[in-house]
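Visitor: First residue of the sequence shown: 67, per my numbering; consecutive thereafter.
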Amino acid sequence: MALDKPYTDVPGTIIFDAEQSRKGYWLNQFCMSLMKSENRTRFKANERAYLDEWAMTEEQKQAVLARDLNWCMRTGGNIYFLAKIGATDGLSFQQMAGSMTGMTEEEYRNMMIHGGRSVEGNRVIGENGDAQAQNQPQGAAGKQAREAAKKA
Numbered sequence: 067m068a069l070d071k072p073y074t075d076v077p078g079t080i081i082f083d084a085e086q087s088r089k090g091y092w093l094n095q096f097c098m099s100l101m102k103s104e105n106r107t108r109f110k111a112n113e114r115a116y117l118d119e120w121a122m123t124e125e126q127k128q129a130v131l132a133r134d135l136n137w138c139m140r141t142g143g144n145i146y147f148l149a150k151i152g153a154t155d156g157l158s159f160q161q162m163a164g165s166m167t168g169m170t171e172e173e174y175r176n177m178m179i180h181g182g183r184s185v186e187g188n189r190v191i192g193e194n195g196d197a198q199a200q201n202q203p204q205g206a207a208g209k210q211a212r213e214a215a216k217k218a
């Protein structure tokens, strides 16, 4: 029996609940394995072979290979575990968070220094705030994507 989840209407947000935890168990276990130097070395030497040692779904493996953290989260990844992938790649958490919004590290840092994303227009799906799907990704990457879409 599915539980009522009123939080699914929050734009730009994936809640790591029990269902997500079950879905992402092996993805998150893989991420935790990267805490050991020898595992990071093995992963970087042959990412696909190392991922194939884990009982992850093919979609989860593709999300990791693409380094698409939003995709990883949709498939059950927890950002605190996923941070191990970024650390393995030499990225700061700030760089990772920026990549999840389509912002450069500088754009993301400046947004956070100035109070973060506005709550206006972002309370529920369907409003016109910057967290809404139609306004993603943000930053320079988002602007380029929207301009390219207009030309197409």
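Note that CB positions come from ideal geometry on N, CA and C, so glycine has one too.
The alpha helix (DSSP H) that contains Glu171, what's its start and end?
Guide: Numbered from its first residue, the sequence shown carries residue 171 at position 105. Residues Glu171 to Ile179.
Visitor: If you follow the alpha helix (DSSP H) that Phe159 is part of, which residue opens it and which one closes it?
Guide: Translated into positions along the sequence shown, residue 159 becomes position 93. Start and end: Phe159 to Thr167.
Visitor: Which of the three DSSP states, helix, strand or coil, is assigned to Ala206?
Guide: Mapped onto the sequence shown, residue 206 falls at position 140. Helix at Ala206.
Visitor: Look at the alpha carbon of Asn194 and the alpha carbon of Gly208, and state the distance between them as a whole number of angstroms.
Guide: Residue numbering aside, residue 194 sits at position 128 when the sequence shown is read from its first letter. Residue numbering aside, residue 208 sits at position 142 when the sequence shown is read from its first letter. Cα to Cα, the separation comes out at about 15 Å.
Visitor: Over the uninterrupted alpha helix (DSSP H) stretch that includes Leu93, give me the two end residues.
Guide: Along the sequence shown, read from residue 1 onward, the residue named residue 93 stands at position 27. Tyr91 to Ser99 is the extent of the alpha helix (DSSP H) around Leu93.
Visitor: Helix or strand or just coil, what does DSSP make of Val130?
Guide: Start at 1 with the first residue of the sequence shown, and residue 130 comes out as number 64. Val130: helix per DSSP, three-state reduction.
Visitor: Looking at the unbroken alpha helix (DSSP H) that takes in Arg106, where does it start and where does it end?
Guide: Translated into positions along the sequence shown, residue 106 becomes position 40. Start and end: Ser103 to Ala111.
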